[in-house]
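*Asks:* Please find one structure pasted underneath; my questions will follow.
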Amino acid sequence: VQGVEERIRQIEPQKAVVDGKEILVRPEERRDYEAALDIFRKGDFNNAAAAFDSFQRRYPGSGYSESVLYWLGNAHYGRRDYKEALVAFRQLVTAAPNHPRAPEAWLSIAMCQIELKDRPGARRTLEDLIKNHPQSEAAREARERLNALK
């Protein structure tokens, strides 16, 4: 009986908390997410981007999806692929405008726009961030960036 219970526990969804939200995930899903995050934290942005891409394909609709987009965007940014970073950050803010990381994603969108020499776009993004998330830490940084763009 103990062997059967252990096998069930290995495949049964479990509660996890990510970005302040409780989700249900399968054990291998949690393991793959945490492995990709570990790669990112080591600063290996090429392999982290590949791991997060792979995660998205393997677990469509995962409770981790929004966080994966955030980290995928950061991995692309870290490898200086600003166009791909923009895609991931925009997917996050479109899919989950009220996600706890949305203000940071908007700030990252503006940073990508600056890197891609789209200063008017960056200015609009920063103004929208300040208007839509005025109390966020990202909005404080956006105000400083806006002053620097003038």
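Reminder that position 41 of the sequence shown reads as 41 in this note's numbering, one-by-one numbering, no gaps.
Virtual Cβ for every residue (Gly too), placed ideally from N, Cα, C.
Within a Cβ cutoff of 7 angstroms, which residues of the same chain sit near Leu107, ignoring the five residues on either side of it in sequence?
*Replies:* Taken in chain order, the residues that qualify are Leu129, Ala138, Glu141, Ala142.
*Asks:* Given a threshold of 16 other Cβ atoms within 10 Å of its Cβ, counted over all protein chains shown, does Glu29 qualify as buried or as exposed?
*Replies:* With 16 or more Cβ atoms within 10 Å of its Cβ, Glu29 is classed as buried.
*Asks:* In the structure shown, what three-state DSSP assignment does Leu37 receive?
*Replies:* Looking at Leu37 - three-state DSSP - the assignment turns out to be helix.
*Asks:* Which residues in the same chain have their Cβ closer than 6 angstroms to the Cβ of Asp118, if we skip the five residues on either side of it in sequence?
*Replies:* Hits under 6 angstroms: none found.
*Asks:* To the nearest angstrom, how far is it from the Cα of Arg41 to the Cα of Tyr77?
*Replies:* Distance between the alpha carbons of Arg41 and Tyr77: 14 angstroms.
*Asks:* Just confirm the distance between the C-beta atoms of Val25 and Ser67, as a whole number of angstroms; I'd bet it's less than 8 angstroms.
*Replies:* Not confirmed; about 11 angstroms, so no contact.
*Asks:* How about Leu126 and Ala105: do their beta carbons lie closer than 8 angstroms?
*Replies:* Contact flag unset, no.
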